[in-house]
Amino acid sequence: MSFGSPNQPYGQPHDPQQGYGYPQQGQPAYPQQQPGQPGYGYPQAPQGVPQQGGYGYPQQQPGYPGGPGAPRVASMGRRFGARLIDGVAFGIIYTVLVVIGVAGSFNAAKDCDPSAADYNTCINDASSGIMNSVFSMIMIFALIGLLYEWLMVGLVGATLGKMAVGLRVVKADTGQKPGMGSAFIRWIIPIVGSLACGIGQLLVYLSPFWDKSGRQQGWHDKAAGTMVVQH
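Letter 87 of the sequence shown, counting from 1, is numbered 87 in the UniProt record's numbering, and no numbers are missing.
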């Protein structure tokens, strides 16, 4: 059995310039990829499926907040309006609590008999009761303020005042709800500032005016990594 002539031992036409069985010069060794076809070994993403970022995560909008579709930074006017609404609501609650406590102490003072030998002692006890009632109301008011601001911002993202004017507090880098940790930091910084005769608290609430990042973050927002946006 012969596999070819002596000059063609493998039964293939021989070209001294090309070699045995290889494409001729000037022709590609592999089929050329047509425009619009996927590359070899890499499946093409289906039509209509949004492009993904690295490792299967959606590609993040650059520059949040302020990118396409990002919410607007809250104006200082709206923030002041939200604080005013919350302050009025708290003022009403505080007044009611103090009136209830003081009224009970005054009723105790009325029961003191001026003709009794222990009248002065009775009056002193009633006065002490008034002071204790006022102090207790302050502590209760502070506790309500803590739970109100902390829980509402951490869980909902807004107090009632912020809801009324269309504001919400979000994480500055993701736009999600602050969470309990960030909400507590955001709440405690103005409270600590209020210990200096309220001057520190006022400066904290005015600090967004001096923020040059374009987000109008106060010192408490920067510490908590939050910002206030409007719908």
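We put the beta carbon where it would ideally sit given N, CA and C, even for glycine.
field: Arg-79 - DSSP class collapsed to helix/strand/coil
entry: The residue labelled residue 79 in the question sits at position 79 within the sequence shown. Of the three classes helix, strand and coil, the one that applies to Arg-79 here is helix, per DSSP.
message: My output table needs one value for Leu-206: the three-state DSSP class, helix, strand or coil.
response: The residue labelled residue 206 in the question sits at position 206 within the sequence shown. Helix at Leu-206.
Bounding residues of the beta strand (DSSP E) (the contiguous stretch that carries Met-227): Mapped onto the sequence shown, residue 227 falls at position 227. Counting along the chain, the beta strand (DSSP E) containing Met-227 begins and ends at 226–230.
task: Determine the direct distance from the alpha carbon of Phe-90 to that of Gly-145, and round the result to whole angstroms.
output: In the sequence shown, the residue the question calls residue 145 occupies position 145. In the sequence shown, the residue the question calls residue 90 occupies position 90. Going from the Cα of Gly-145 to the Cα of Phe-90 covers about 8 Å.
Enclosing alpha helix (DSSP H) for Val-134 [first to last residue]: Sequence index remark: in the sequence shown, residue 134 carries index 134 (1-based). Per DSSP, Val-134 belongs to the alpha helix (DSSP H) from 119–151.
message: Since residue 238 and Thr-159 should fall inside the 8 Å C-beta cutoff, what is the C-beta to C-beta distance between them, to a whole number of angstroms?
response: Lying outside 1 to 231, the shown extent of the chain, residue 238 is not represented and no answer is given.
query: Excluding five sequence neighbours on each side, which residues of the same chain lie with their C-beta closer than 7 Å to the C-beta of Met-180?
result: Here residue 180 refers to the residue found at position 180 when the sequence shown is read from its first residue. Only Gly-154 meet the Cβ criterion.
query: Skipping 5 residues on each side, what residues in its chain have a beta carbon closer than 7 Å to that of Leu-97?
result: For this step, residue 97 is matched to residue 97 along the sequence shown. The residues are Met-137, Ile-140, Phe-141.
field: Three-way DSSP call (helix, strand, coil) for Lys-177 in this model
entry: As a first step, residue 177 must be located in the sequence shown, where it is residue number 177. Coil at Lys-177, not helix or strand.
message: Quick check: the region 105–119 against the region 195–213, are at least 3 beta-carbon pairs closer than 8 Å?
response: no
message: Comparing C-alpha positions only, which one of Val-228, Thr-121, Gly-218 sits nearest to Val-165?
response: Position 165 of the sequence shown holds residue 165. For the residues Val-228, Thr-121, Gly-218, the minimum Cα distance to Val-165 belongs to Val-228.
message: Measuring straight from C-alpha to C-alpha, what distance separates Thr-95 and His-220?
response: Taking the sequence shown and counting its residues from 1, one reaches residue 95 at position 95. Taking the sequence shown and counting its residues from 1, one reaches residue 220 at position 220. Each residue's Cα considered, the two are about 28 Å apart.
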